[in-house]
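Residue numbers (the numbering used here): 58 to 610.
For every residue, glycine included, the Cβ atom is placed at its ideal position computed from N, Cα and C.
Values in this document were obtained by computation on a predicted structure and should not be read as measured data.
The following block contains the structure:
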């Protein structure tokens with residue numbers, strides 16, 4: 058079997074598996090978020106934090122819950138890293154520096170998992186399990202809660218209430234993320250991923266002496282790292298490390314975990330708004346972009362020239378031979394079209410155009426299918442913009458799911474889509490203009506510019522992956538990427554929840570002969586076009602200076 062055929066078969070198998078679980082998982086999540094009863098364990102948690110799960114919240118109250126919970130998470134994780142030197146299970150590692158502690162705390166609380174350190178040389182068992190792994194669960198649950206709040210805004214009428222943040226947070230964690238992650242961790246252990254709390258060991262004899270490796274609860278963290286679209290690896294090599302991702306089957310499983318909840322949430326959306334066809338329209342949009350990007354990535358990486366590349370079966374630099382071009386290409390597209398950021402190959406080593414595809418995937422807003430929760434609410438914002446564009450074409454007030462899209466709604470949607478590009482482009486320009494930050498670039502010219510652009514695109518979109526050709530462990534990059542992650546995560550949530558509150562307060566309008574049918578393929582095509590055009594107009598000049606210039610050179 059040739060490498061191209063193997064890659065296509067992997068893509069087909071992955072698509073089939075996602076299709077198989079789409080309906081049952083999406084329907085189950087809709088039941089979770091609309092259930093009236095609370096589990097006993099959930100009631101214990103509510104009593105412990107002093108929350109009343111049955112109290113409905115307006116959007117400002119919902120937002121205050123998110124910001125307060127996230128601020129507490131940043132503080133706890135920061136202190137945990139600063140105190141690591143005196144904690145048990147630290148493996149002899151010292152406390153993490155203030156700048157890097159801040160950057161890492163913000164990174165994991167915002168579901169970004171940007172890492173400017175080597176995990177196996179910096180973090181002990183307590184920080185990894187009690188700090189980073191916990192945030193992998195709850196930061197994902199926060200994103201899902203915001204998505205459900207926006208869906209309730211479309212589904213409800215004549216009310217300003219969007220549900221209860223604490224109930225949504227706890228249910229998403231205990232009923233969805235924990236059981237799926239536990240099952241996935243068992244499968245990863247069976248595949249060969251490690252799961253222990255061992256210390257540092259010297260392994261074998263190599264040129265220059267023996268190598269040291271430390272163990273850890275890797276399989277359990279790997280499972281939620283992918284399922285929650287987090288991305289932070291236990292080891293510096295991330296999912297290219299055999300302790301995290303040992304076999305081709307494990308690699309395909311991890312891609313499945315990255316995509317399964319974001320794709321299935323479209324079914325949840327359809328069930329909660331009372332029209333599964335609306336969910337299928339959003340699903341079709343996401344799937345079209347994801348499949349198109351996967352096919353384009355495999356084409357760019359397989360379209361090699363010269364005898365060396367032909368002998369290797371493709372552009373194999375920076376890729377694991379056990380995954381090959383196909384598996385690495387699918388993983389790269391999936392991790393950058395979601396907010397995961399995990400890598401099983403180094404994106405800096407992709408072809409010029411292949412690296413540009415990973416950048417473009419993040420620049421779309423990571424909505425195809427996007428992060429856990431964030432992908433759905435990002436796509437729904439784009440749907441609002443698409444129906445507004447359609448309304449301008451026919452000269453009537455746009456409507457979506459029976460709600461009028463007026464001036465207030467459009468201002469909130471426009472603010473949402475502008476905040477992230479502003480962060481990316483301003484911080485990239487500042488890094489290139491100032492005298493010190495360019496010293497972190499390990500490559501000159503267009504590729505070096507792409508490294509800096511990729512870093513801030515990844516941080517601002519809460520992705521967390523890197524080109525792996527940039528020394529980001531400096532005060533400038535630790536501070537600036539930390540601020541980019543904070544603003545890139547929470548400012549969009551402000552606009553999403555404000556939009557949800559505005560929609561929930563409306564009285565639904567009946568559909569007429571002139572109403573745009575948003576469950577039809579025509580609307581899905583319009584939505585795909587709007588996403589690509591808006592992204593292209595925003596980022597094309599920056600892409601032309603980096604990956605396009607390199608790819609056409």
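If you compare alpha carbons, which of 244, 248, 273 is closest to residue 257?
Comparing Cα-Cα distances from residue 257 to each of 244, 248, 273, the minimum goes to 273.
Residue environment, residue 541, which counts as buried when at least 16 other CB atoms sit within 10 Å
It counts as buried.
Can you give the Cα-Cα distance for residue 444 and residue 573, rounded to whole angstroms?
A straight line joining the alpha-carbon of residue 444 with that of residue 573 spans about 8 angstroms.
If you draw a straight line from the alpha carbon of residue 499 to that of residue 505, how long is it in whole angstroms?
Their backbone Cα atoms lie some 7 angstroms apart in a straight line.
Per DSSP, what are the beta-bridge partners of residue 498 in this structure?
DSSP output for residue 498 lists 527 as bridge partner(s).
Quick check on DSSP: helix, strand or coil for residue 611?
The structure shown does not extend to residue 611, since the chain spans only 58 to 610, so no value can be given for it.
Using DSSP with H/G/I as helix, E/B as strand and the rest coil, what is residue 95?
Residue 95: coil per DSSP, three-state reduction.
Which residue comes first and which comes last in the alpha helix (DSSP H) that contains residue 559?
Residue 559 -> alpha helix (DSSP H) spans 532–561.
Quick one: grab the DSSP three-state call for residue 102.
Helix at residue 102.
Could you please give me the residues that DSSP links to residue 270 through a beta bridge?
BP columns for residue 270 point to 258.
Identify whether residue 468 lies in helix, strand or coil by the three-state DSSP scheme.
Reduced to three states, the DSSP call for residue 468 is helix.
If you compare alpha carbons, which of 408, 394, 357 is closest to residue 375?
Nearest of 408, 394, 357 to residue 375, Cα basis: 408.
Mind the definition here: the stretch 515–522 touches the stretch 539–553 only if three or more C-beta pairs lie below 8 angstroms; say whether that holds.
With a cut-off of 8 angstroms, the stretch 539–553 and the stretch 515–522 count as touching, because enough Cβ pairs lie within range.
With residue 580 as the anchor, note down where its alpha helix (DSSP H) starts and where it stops.
Boundaries of the alpha helix (DSSP H) harbouring residue 580: 578–602, taken from the DSSP string.
With C-beta atoms as the reference, is residue 429 less than 9 angstroms away from residue 590?
No; because the gap between Cβ atoms is not below 9 angstroms, this pair is not in contact.
Extent of the continuous alpha helix (DSSP H) to which residue 409 belongs:
Looking at the DSSP string, the run of the alpha helix (DSSP H) that includes residue 409 is 409–420.
By DSSP's criteria, residue 575 is part of a beta bridge. Which residues make up the other side?
Residue 575 pairs with nothing; no bridge assigned.
Expressed to the nearest angstrom, what Euclidean distance is found between the alpha-carbon atoms of residue 173 and residue 533?
Cα-Cα distance, rounded: 12 angstroms.
Around the C-beta of residue 605, are 16 or more other C-beta atoms found within 10 angstroms, so that it is buried, or is it exposed?
The Cβ neighbour count for residue 605, taken over all protein chains shown within 10 Å, is at least 16; the residue is labelled buried.
Evaluate residue 298 with the Cβ neighbour count: other Cβ atoms within 10 Å of its Cβ, from every protein chain shown; 16 or more gives buried, anything less gives exposed.
With 16 or more Cβ atoms within 10 Å of its Cβ, residue 298 is classed as buried.
What does DSSP give as the partner residue(s) for residue 457 in the beta ladder?
460.
Once the 5 residues before and after residue 420 are set aside, which same chain residues still bring their CB inside 7 angstroms of it?
The answer, listed in chain order, is 514, 592, 596.
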